[in-house]
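Line by line, the protein sequences are chains A and B.
Per the numbering used here, the very first residue in the first sequence carries number 1; after that it's consecutive.
Per the numbering used here, the very first residue in the second sequence carries number 98; after that it's consecutive.
Take a look at the structure below.
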Amino acid sequence: MLIEALILSALLFGVGTLGVLLRRNAIIMFLCIELQLNAVNLAFVALSRYLGIDGQVFVFFVMTVAAAEAAVGLAIIISIFRHYETVNVDNFNLLKW
Amino acid sequence: MAQILFYAMAVVALGSAVAMVTRKSPVASLLYMVTTLASLAVIFVLFEAHFLAAIQVIVYAGAIMVLFLFVIMLLNLGHDYRKDLKGGLAAVLSLGVSGALAGLLVSHFRASAPEPFAGRIRDSGILESLIAEKGAVGAMARPLYVDYVVAFEVTGILLLVAVVGALALAKRRV
Chain A
1 MLIEALILSA LLFGVGTLGV LLRRNAIIMF LCIELQLNAV NLAFVALSRY LGIDGQVFVF
61 FVMTVAAAEA AVGLAIIISI FRHYETVNVD NFNLLKW
Chain B
98 MAQILFYAMA VVALGSAVAM VTRKSPVASL LYMVTTLASL AVIFVLFEAH FLAAIQVIVY
158 AGAIMVLFLF VIMLLNLGHD YRKDLKGGLA AVLSLGVSGA LAGLLVSHFR ASAPEPFAGR
218 IRDSGILESL IAEKGAVGAM ARPLYVDYVV AFEVTGILLL VAVVGALALA KRRV
């Protein structure tokens, strides 16, 4: 079951990447980044079953960082929305080439 | 039995992840994400990570996703989906890039997963006996508070900074 779980994790990571690249809504892009974090968590959990509990401790830290990131990121999105009245990333192109 | 459950949950997780990326409505995407998280929690249980499965449901699906839903509803984005999905060349390029990334990862895992751990992969057992001895939470408590105690304290500071940062960014006037 280990290799199947690792493949599922790779596929979920790919779907998350696709979402980040394909969507224009900043909140959905954020959600796709959370999906990528979860894909990595799945790989950690699958390997920790065979290598010891440390992988699970690491997943715990990843979840904490994800929570902090969601709070700060959503605050940034709210203040962007206040400024531009939209969360469509096509409108924030100041740092684009 | 565990095998069947694993495959069923893998299909649900992958299907709802794809649905999440392709749905136009942000609220529908978010609900599909919750489905993905719940099925991943089931897979966590199958890999003996009971505590993490509970955290996944309570913190991830329960708290973080509700925060996202609050923001979507606060900003009233439920109907704002014109031009959300990119089309044309951008879509082809993103499909290519993410497909290549997933293919690379899958081929790498298939080729090399058993070998780096060859001497160390055991037939389960080690985690089961640890959990049977100390319980699902107790098994994680010792490494968390002894071996990784510095990282744990730093995580506390990180959460404090995140709270202050979120308040400073989202408040109109600090």
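The beta carbon of each residue, even a glycine, is placed where N, CA and C say it ideally should be.
| Check | Outcome |
| --- | --- |
| Within a Cβ cutoff of 7 Å, which residues of the same chain sit near Phe-141 (chain B), ignoring the five residues on either side of it in sequence? | Leu-149, Ala-150 and Gln-153 |
| Determine the direct distance from the alpha carbon of Thr-132 (chain B) to that of Val-87 (chain A), and round the result to whole angstroms. | 24 Å |
| Roughly how many whole angstroms lie between the Cα atoms of Leu-266 (chain B) and Leu-255 (chain B)? | 16 Å |
| Going by DSSP in three states, Arg-120 (chain B) sits in which element: helix, strand or coil? | coil |
| If you check the beta carbons only, do Ala-110 (chain B) and Ser-126 (chain B) fall under 8 Å apart? | no |
| Between Glu-4 (chain A) and Gly-232 (chain B), what straight-line distance do the alpha-carbon atoms span, to the nearest angstrom? | 27 Å |
| Runs of 3 residues minimum, wholly inside the segment 218–265 of chain B: which ones carry the beta strand (DSSP E) assignment? | none |
| Report yes or no: do the segment 48–63 of chain A and the segment 19–36 of chain A share at least 3 C-beta pairs separated by less than 8 Å? | no |
| Three-state secondary structure (DSSP) at Arg-49 (chain A)? | helix |
| May I ask you to verify whether the segment 78–87 of chain A touches the segment 31–42 of chain A, counting CB pairs closer than 8 Å and requiring at least 3? | no |
| Can you name the start and end residues of the alpha helix (DSSP H) that Arg-23 (chain A) belongs to? | Careful: Arg-23 (chain A) lies outside any alpha helix (DSSP H) and carries neither H nor E. |
| I'd like to check one pair, Gly-55 (chain A) with Val-45 (chain A): are the Cβ atoms closer than 8 Å? | yes |
| For Ile-53 (chain A), return the contacting residues in chain B, with the cut-off set at a CB-CB distance below 7 Å. | Leu-224, Leu-227, Ala-236, Met-237 and Pro-240 |
| Exposed or buried, what is Ile-7 (chain A) when buried is set at 16 or more other beta-carbons lying within 10 Å of its beta-carbon? | buried |
| Taking its Cβ as the centre, do 16 or more other Cβ atoms sit within 10 Å of Phe-167 (chain B), making it buried, or is it exposed? | exposed |
| Distance check for Pro-123 (chain B) and Ala-75 (chain A), CA to CA, integer angstroms please. | 17 Å |
| For Phe-144 (chain B), tell me which candidate among B:Ile-228, B:Tyr-157, B:Leu-257 and B:Leu-171 has the shortest Cα-Cα distance. | B:Ile-228 |
| Closer than 8 Å, Cβ to any Cβ of chain B: which residues of the segment 38–65 of chain A, in chain order? | Asn-38, Asn-41, Leu-42, Val-45, Ala-46, Leu-47, Ser-48, Arg-49, Tyr-50, Leu-51, Gly-52, Ile-53, Asp-54, Gln-56, Val-57, Val-59, Phe-60, Phe-61, Met-63, Thr-64 and Val-65 |
| By the criterion of Cβ-Cβ separation under 7 Å, what are the contact partners of Met-1 (chain A) in chain B? | Gln-100 and Phe-103 |
| Measure from the alpha carbon of Ala-71 (chain A) to the alpha carbon of each residue in B:Met-170, B:Val-163 and B:Leu-172, then state which is nearest. | B:Val-163 |
| Would Leu-31 (chain A) and Met-117 (chain B) qualify as a contact pair, given that the criterion is a beta-carbon distance under 8 Å? | yes |
| Please go through the same chain and pick out, in chain order, the residues whose beta-carbon is closer than 6 Å to the beta-carbon of Gly-200 (chain B), but skip the five residues on each side of it. | none |
| Between Asn-91 (chain A) and Ser-79 (chain A), what straight-line distance do the alpha-carbon atoms span, to the nearest angstrom? | 14 Å |
| Relative to the C-alpha of Met-130 (chain B), which residue among B:Gly-253, B:Leu-190 and B:Ala-114 is closest? | B:Ala-114 |
| Quick one: give me the first and last residue of the alpha helix (DSSP H) that Asp-54 (chain A) is part of. | 54–84 |
| Whose Cβ in chain A lies nearer than 8 Å to the Cβ of Arg-270 (chain B)? | Residues of chain A passing the Cβ test: none, with the nearest at roughly 12 Å. |
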